[in-house]
Amino acid sequence: MALILVSSYEHYILEKEIDDIFHSEIYPKSTSDIDVIIQKMANVQDPELKLQLLSKWIQDDFIFSLNNKSFSRDDYIYYILTNNNKNYYISNPEGRRVIRAGKFSNNPYCIAYYRAGACGEYATLAQHVAMLSGLNARKVSDPSGYHGWVEVEINGTWYFYDPTYPLNPRSNSWFGLRSENTNNSVIRNSAQVFYKDEDITHYYPPTGKLIVNGLSTNDLIELSWMHNNGIHKFQFIPQNETYTLTLRPREYTIEVQRFWFLFSDKQQINITEGFEREIKISPSFFRLDFTLFG
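Read in order, the letters of the sequence shown correspond to residues 712 to 1005 in the working numbering.
Structure, rendered in structure tokens:
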């Protein structure tokens, strides 16, 4: 109990440290920097050229934090207690910081100020700046947290725009029609694509469908998959006894837990482009599989 209180206090101190300088330092400095890139974007008419300038600013001036050994946890006790790699504070010796917890998480002004982050931070900032420059943009992502990017609407057509991906104007890999998403080696490996709570995976071919029968509204579903020796997963609660998912082709593991983990069922499934895969869930009683602090 004492460690939990210390962990909560640890996050409180980190958030207060940012709060104390947000209005006096972070917001004015980042607003000034954002205004500079917006002015550069205003000097060109072609939307794609505007986005090139935006990507170049982010990729040249920001530090990518994912798997970057110069970054370490600021919330060390919280991490020990939870092993949580999705909600955190990290920083490096230069004072670059990534905030994924508390009220300043995914704040574009904090991202612009600390000039660090991974795909989620880059997409948040790029979407914000694109909107300020007059483009209609929205952030989208794989619900597992595997990758996040931006969609931009131009003349009534939506395009994917990945500010994390290296610029290559000839390949349609960092920017292109959603149907061309396989040119981007990261986006093409996503499992699903969501805009907020809206599933838009069908706009990102190739796709297949998984139909799950025998569900209960008490169930917790976890869908997991592997890529580059890492496990990616997301959880959701079904609204009906039958649930249909649109998924990118690959092998998945689906696990259904019922009544506080007393009943469970786990199955391996393979999704193929253009085909529907139908399965029936039959949870059995009491599968002992506890992970300490997991």
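Just so you know, even glycine gets a beta-carbon here, dropped at the ideal spot from N, CA and C.
DSSP three-state assignment for residue i, whether helix, strand or coil
| i | result |
| --- | --- |
| Tyr-799 | coil |
| Leu-716 | Low confidence applies here, because Leu-716 scores a pLDDT of 48, under 50, leaving its location unreliable; read the following figure in that light. Leu-716 falls in the helix class under three-state DSSP. |
| Tyr-915 | coil |
| Lys-814 | coil |
| Tyr-857 | coil |
| Asp-910 | strand |
| Thr-893 | helix |
| Phe-782 | coil |
| Asn-981 | strand |
| Tyr-963 | strand |
| Gln-838 | helix |
| Asp-900 | Per the sequence shown, the amino acid found at residue 900 is Asn instead of Asp. In the structure shown, Asn-900 sits in a helix (DSSP, three-state: H, G or I). |
| Ile-791 | helix |
| Val-923 | strand |
Residue nearest to residue i in terms of C-alpha spacing, selected from the options
| i | options | result |
| --- | --- | --- |
| Ala-841 | Met-752, Leu-958 and His-913 | Met-752 |
| Lys-797 | Val-809, Pro-804 and Glu-805 | Val-809 |
| Thr-875 | Gly-856, Pro-949, Lys-767 and Asn-951 | Lys-767 |
| Leu-777 | Thr-793, His-858 and Ile-932 | His-858 |
| Asn-779 | Leu-760, Pro-804 and Trp-936 | Pro-804 |
| Asp-786 | Tyr-723, Ile-774, His-734 and Leu-765 | Tyr-723 |
| Pro-880 | Leu-760, Val-923 and Arg-849 | Leu-760 |
Paired residues, beta bridge with residue i - DSSP
| i | result |
| --- | --- |
| Glu-862 | Arg-849 and Phe-871 |
| Gln-968 | Leu-931 and Ser-975 |
| Trp-885 | None, per the DSSP bridge assignment. |
| Tyr-738 | Answer is none; Tyr-738 lacks a bridge partner. |
| Ile-774 | Ala-827 |
| Ile-942 | Met-937 |
Close-in-space but distant-in-sequence residues of the same chain around residue i (CB under 7 Å, 5 per side omitted)
| i | result |
| --- | --- |
| Pro-854 | Gln-903, Phe-905 and Phe-945 |
| His-913 | Thr-957 |
| Phe-972 | none |
| Leu-878 | Gln-763, Ser-766, Lys-767 and Trp-885 |
Within-7 Å CB hit, residue i to chain B
| i | result |
| --- | --- |
| Gln-756 | Although the question refers to chain B, the structure presented lacks it and comprises just one protein chain. |
Beta-carbon contacts of residue i that lie in its chain and below 6 Å, excluding the five residues immediately before and after
| i | result |
| --- | --- |
| Asp-744 | Ala-823 |
- prompt: Does the region 874-891 come close enough to the region 857-864 to have 3 or more Cβ pairs within less than 8 Å?
  reply: Counting Cβ pairs under 8 Å, three or more are found: they touch.
- request: Count the CB pairs spanning the region 812-828 and the region 737-747 that are closer than 8 Å, and state whether there are at least three.
  value: yes
message: Can you confirm whether the region 970-987 touches the region 944-961 when touching is taken to mean that 3 or more C-beta pairs between the two stretches lie within less than 8 Å?
response: yes
- request: Would you check if the region 721-738 and the region 805-819 touch, i.e. whether three or more CB-CB distances between them fall below 8 Å?
  value: yes
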